[in-house]
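Step one of this worksheet: look at the structure below.
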Amino acid sequence: MISQTLEMARAYEETEGNKITEEQRPLFHLSPRVGWMNDPNGFSRYQGLYHLFYQYYPYNKKWGPMHWGHAVSKDLLQWEYLPAALAPDTPADSEGCFSGSAVELDDGRHLLMYTGVVADGVCDEDGMLQYYQTQCIAVGDGINYEKYEGNPVLNRNDTPDGSNGFDFRDPKVWRDQNGGFHCVVVDCTADKYGRILYYTSNNGFEWKFVSILAENDGSLGRAWECPDVFEIDGKTVILVSPMEMTGTDEFLCGNSTLCMIGTVDRETGNFKVESRQTIDCGIDFYATQTLLNEDGRRIMAAWMQNWDTIVFNGEDLKWEGQIILPRELSVKDGRLYQKPIRELEQLRKGRLEYKQINVSDRMTLNGVRGRTTELIVEIAPETEDSLEMFEIRLAEKGELYTSLIYRPHEQTLEFDRSHSGARKNVTHVRKCRIDGPEEKLKLDIILDRYSCEVFINDGRQVMSNVIYTDQEAVGISFNARGYAVMDLVRYGLSAE
Ligand code: FRU
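Residue numbers for the sequence shown, in this note's numbering: 958 to 1453.
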């Protein structure tokens, strides 16, 4: 049975979404069918396709009562919209269907586990209505999902001592080789410090608390959101998005992202951290979610936006929010590496190569332009100490441009979109301390109409950013203070 709330959302997105032309969207990044998108949800393989759901409010380009939008893809590049999958339409989720994930059941059905938000009828000290959060299930066939009559399957009584009783969300579920079900969910202590709780189940419906897998000792923000945990390259990796982080050399302040690499103590079920790092040092990144592909790849999606820095993309576009180009993850020497999914190679057209170009003044290169373009660039000082600063300008036209600035002496890479035409004074500049060889810098820059993702030194670091510059701004230029030598490969990216 499809509720009236869901039916209304489906009818709305069908009419309004269809008015958006292909050119008004990114070419290969997922954007909402219409209206607002935040976190990726239910990122999974099901019946031979990638399914990607997302936090969704179709009726406005702002966050509202959360639905789940839905899209499928064969290659993680070309997405086909399916009707919205969930709407806030039952007593267990009347205020919203928050983030969650998906797995396949033994009988072939697709199980979604998500957070149901309910109003408590109780107000806090400031007179604000309190909401509390529970974990719910919906089961379906890849298009239509029915909410489980036993919802919620986990509520605040299922959290361990010390929980504040309100924050309890974002279940990430996975299955083991023997068919067992596992999930991690975040909650908060009374002081509002995040914890990652671990539960198991035999059937996906009845869950049992096992342990507190990890908790915030106070040094990693306050509450945590969107947990994920997996084994890779002999290590256990936890990804989570902390809120209210205080900035350090490694971590961005505000809504940040955190990767912890370590091992799980089999006796206590606790995670022992060996190293920590930020997942992405760009401006627009939050709320990661991964899946394990049949070919063994661990693939990560994330929201290519951040609560603290939303630029809003103007009146012409009827959607707001994008998902990153999915990334293949690996761990080497205690560090997380991220590479653009290899499927991107299928879009590469028109290879142009320039070798040993001397850059000492502003210059352009024949054929190097475009907004659906990949640039693979290696930059080195011409002689030791000869380079003070190297700049690549992208999405350039007249006074409009976005810069990437490399300063070898500081070992920093700066992204600056203050001249990109943005009309809101949020953060537009972000600097990343390069953690890699000092003699040269390698960048893989991926432009897709409304974004710029920069993979530094073979994925050792990444900066993700949105840019909403007019699409006619296709110029790319290079500049140096001092003397640099550059190798460059440029591909046009096109689905044809
Ligand atoms: C993260 C988040 C989640 C929550 C969802 C609500 O961006 O705040 O914790 O489930 O967004 O839309």
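Note that CB positions come from ideal geometry on N, CA and C, so glycine has one too.
Predicted model only: the values in this text are computed from it and were never measured.
Compute the Euclidean distance between the alpha carbons of residue i and residue j, then round it to the nearest angstrom.
i: THR962; j: ARG1447; result: 47 Å
i: VAL1325; j: GLU1331; result: 10 Å
i: THR1225; j: SER1168; result: 8 Å
i: LYS1354; j: GLY1432; result: 6 Å
i: LYS1399; j: THR1384; result: 25 Å
i: GLY1239; j: VAL1060; result: 30 Å
i: THR1321; j: PHE1208; result: 35 Å
i: HIS1024; j: ARG1292; result: 35 Å
i: VAL1411; j: ARG1364; result: 16 Å
i: ASN1270; j: GLU979; result: 16 Å
i: ALA1095; j: ALA1437; result: 56 Å
i: GLY1439; j: ILE1280; result: 38 Å
i: LEU1404; j: THR1072; result: 34 Å
i: GLU1182; j: LEU1111; result: 17 Å
i: GLY1178; j: GLU1277; result: 27 Å
i: VAL1186; j: THR1214; result: 14 Å
i: ASN1315; j: GLY1449; result: 23 Å
i: PHE908; j: ARG1328; result: Nothing can be reported for residue 908, as the shown portion of the chain is limited to 958 through 1453.
i: TRP1260; j: PRO1184; result: 14 Å
i: SER1198; j: THR1235; result: 10 Å
i: ASP1063; j: GLY1137; result: 10 Å
i: ASN1382; j: MET1420; result: 20 Å
i: LEU1357; j: ASP1318; result: 19 Å
i: SER1030; j: GLY1021; result: 26 Å
i: ASN975; j: SER1232; result: 46 Å
Are the CB atoms of residue i and residue j nearer to each other than 7 Å?
i: GLY999; j: SER960; result: no
i: TYR1407; j: PRO983; result: yes
i: CYS1007; j: LEU1034; result: Correcting the residue type first, residue 1007 is Tyr in the shown sequence and not Cys. No, Cβ-Cβ distance for TYR1007 and LEU1034 is not below 7 Å.
i: CYS1054; j: PRO1048; result: no
i: PHE1435; j: ILE1362; result: no
i: ILE1153; j: ALA1171; result: yes
i: ALA966; j: PRO1015; result: yes
i: GLN1295; j: GLY1416; result: yes
i: ASP1050; j: CYS1093; result: yes
i: LYS1275; j: ALA1337; result: no
i: GLU1103; j: VAL1074; result: no
i: TRP1036; j: LEU987; result: yes
i: CYS1210; j: MET1200; result: no
Can you have a look at residue i and say buried or exposed, based on whether 16 or more other CB atoms are within 10 angstroms of its CB?
i: ALA968; result: exposed
i: SER1176; result: exposed
i: CYS1389; result: buried
i: CYS1080; result: exposed
i: ILE1402; result: buried
i: VAL1386; result: exposed
i: VAL1230; result: exposed
i: GLN1313; result: exposed
i: THR1369; result: exposed
i: THR1340; result: exposed
i: HIS1027; result: buried
i: ASN1422; result: buried
i: GLU1367; result: exposed
i: SER1056; result: buried
i: ARG990; result: buried
i: CYS1216; result: buried
i: GLU970; result: buried
i: SER1377; result: buried
i: SER1360; result: buried
i: ALA1441; result: buried
i: THR972; result: exposed
In terms of alpha-carbon separation, which member of the options lies closest to residue i?
i: LYS1018; options: GLU964, ASN995, SER1451, PHE1138; result: ASN995
i: PRO1283; options: ASP1237, ASP1148, VAL1268; result: ASP1237
i: ASP1241; options: ASP1222, SER1232, THR1266, THR1235; result: THR1266
i: GLN1246; options: GLY992, ASN975, PHE1010; result: PHE1010
i: ASP1373; options: CYS1409, LEU1196, MET1085, THR1220; result: CYS1409
i: GLU1163; options: SER1317, LYS1296, HIS1139; result: HIS1139
i: ASN1114; options: ASP1133, LYS1192, ASP1144; result: ASP1144
i: ALA1147; options: PHE1166, ASN1160, PHE1125, GLY1136; result: PHE1125
i: ASP1174; options: LEU1445, TYR1089, TYR1150; result: TYR1150
i: SER1001; options: VAL1442, ASN1250, THR1157, GLN1090; result: ASN1250
i: GLY1107; options: MET958, ASP1127, PRO1338, GLY1161; result: GLY1161
i: ASN1212; options: THR1205, TRP1264, ARG1223; result: TRP1264
i: GLU1429; options: LEU1445, SER1360, ALA1352; result: ALA1352
i: PRO1109; options: GLU1201, THR1091, MET1200; result: THR1091
i: PRO1128; options: VAL1142, ASN1135, PRO1117; result: VAL1142
Answer yes or no: does any C-beta atom of chain B fall closer than 7 Å to that of residue i?
i: THR1146; result: No chain B appears in this structure, which consists of one protein chain only.
### Task
Decide yes or no for the touch test of the region 1112-1121 against the region 1064-1072: beta carbon pairs closer than 8 Å, at least 3 of them.
no
### Query
Hey, is the region 1274-1292 in contact with the region 1252-1259, meaning 3+ C-beta pairs nearer than 8 Å?
yes
### Task
Evaluate the contact criterion for the region 1094-1108 versus the region 1035-1044: three or more CB pairs, one atom per stretch, below 8 Å.
yes
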